[in-house]
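In the working numbering, the protein residues as written are 3 to 284.
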Amino acid sequence: MNNLQKPRLAGVMGWPVDHSLSPALHRFWLQENQLSGSYVPLAVRPENLKKAVLTLPMLGFAGVNLTVPHKEAGVAIVSQVDGVARRVGAVNTLMVLDDGTIEGRNTDGYGFIESLAARADLNILKNRPVAVLGAGGAARAIVVALQDFGVSQIYVTNRTLEHAEALSEDIGGEIIVVNWKERDDVLAEKKLLVNTTTLGMFGQPALEINLGALPTTAIVTDIVYKPLMTPLLEKASLRGNLIVDGLGMLIHQGRPGFRAWFGVEPTASNALRAHLLAAGAR
Ligand code: ATR
């Protein structure tokens, strides 16, 4: 199939959608690849999501991203979801298929792993235990991706224990739920620490955590990218841990959609990072 014959159309549905950096991301790639397609922000109220999604084929869209608060609701609207999206319980990338039906995928976990792989040798994670802070939507995608990658146990700690328990129950496998107040102790022997909470983000409280028990050989990553250098990453870097900021996950989660919609494999360049930082990712 040649996607380059006519301008292709894609976008992002959110409510609100103004904060989304996806237009800046995909428009950068469109320009870089000299493609004539468009990527538009679509402000869609939750009560209109189904109608809006089902209208996409009629409007000639190749697909869209779904962002907050639509990712979970999207699962029940599309005709088919892939196995990863089903386990995560959310879709962030919709593709309009040739027969006019819509497939939903979840590329957040893919983006997470690709972002880490670009900066670190992930062999150190194979069959080793890791720690995840938080149990929201992002945590679910990351836990599924870490399972598929082949870590051993995933220790999940969250302020609201029931949310971590629900995550563990829904996803299954070797997930160990830990009380939030024990988050310092859980770090012993872990090869990776991931912050998926909003703590440390501009305008949010700081993430209070003592990294003393974490091996200095562990990778530390934060999905927060405003600021890029979170206090957690600063602290981890000072004690010698390899750190990975949250911008890479944003970039890499967008690649499968762009490839499907516009027919070109996009790249994660330093120029793109600079562009996104200028567009507001800081
Ligand atoms: P996302 O989809 O980005 O993961 P989310 O579903 O709103 O967003 O999840 C936010 C995460 O940050 C949750 O794990 C949340 O903890 P709760 O399950 O207890 O709500 C965590 N979080 C937010 N504010 C927090 C705070 N002040 N202290 C600790 N954890 C917090």
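By construction, the Cβ of each residue, glycine as well, lies at the ideal position given by its N, Cα and C atoms.
By the Cβ criterion, the region 87-96 is not in contact with the region 121-129, since fewer than three pairs of Cβ atoms, one from each stretch, lie closer than 8 Å. Per the coordinates, the alpha-carbon of Leu37 lies some 43 Å from the alpha-carbon of Thr219. Glu116 counts as buried, since no fewer than 16 other beta carbons sit within 10 angstroms of its beta carbon.
For Asp224, there is no enclosing alpha helix (DSSP H); the residue is found in the beta strand (DSSP E) stretching over Ile221 to Asp224. Pro207 sits exposed, since fewer than 16 C-beta atoms from the chains shown fall within 10 Å of its C-beta. Under the three-state reduction of DSSP, Ser170 is assigned to helix. Taking a cut-off of 8 Å on C-beta distances, the region 246-263 touches the region 95-109, as three or more cross pairs fall below it.
Excluding sequence positions up to five before and after Pro268, its CB lies within less than 6 Å of the CB of Trp31, Arg257 and Phe260, all in the same chain and listed in chain order. Rounded to whole angstroms, the Cβ separation of Ala166 and Val158 is 5 Å, and the two are in contact under 8 Å. With a contact defined as Cβ atoms closer than 8 Å, Ile211 and Arg185 qualify at about 6 Å. Taking a contact to require three or more Cβ pairs closer than 8 Å, the region 166-182 and the region 95-103 do not qualify as touching.
Considering only Gly205, Gly62, Ala45 and Asn272, the residue with the shortest C-alpha distance to His72 is Ala45.
Comparing alpha carbon positions, the residue from Glu164, Val134 and Ala140 closest to Ile156 is Val134. When rounded, the separation of the alpha-carbon atoms in Asp187 and Leu213 is 9 Å.
Take Gly62, set aside five residues on each side of it, and the residues of its chain with a beta-carbon closer than 8 Å to its own are Leu11, in chain order.
For Val55, the enclosing alpha helix (DSSP H) starts and ends at Leu51 to Leu61. Every residue whose beta carbon comes nearer than 6 Å to a heavy atom of the ligand ATR appears here in chain order: Gly136, Ala137, Gly138, Gly139, Ala140, Ala141, Asn160, Arg161, Thr162, His165, Thr198, Thr199, Thr200, Leu201 and Pro207. Per the DSSP secondary-structure output, Asn212 pairs with nothing in a beta bridge.
Under DSSP, the beta-bridge partners assigned to Val42 are Gly13.
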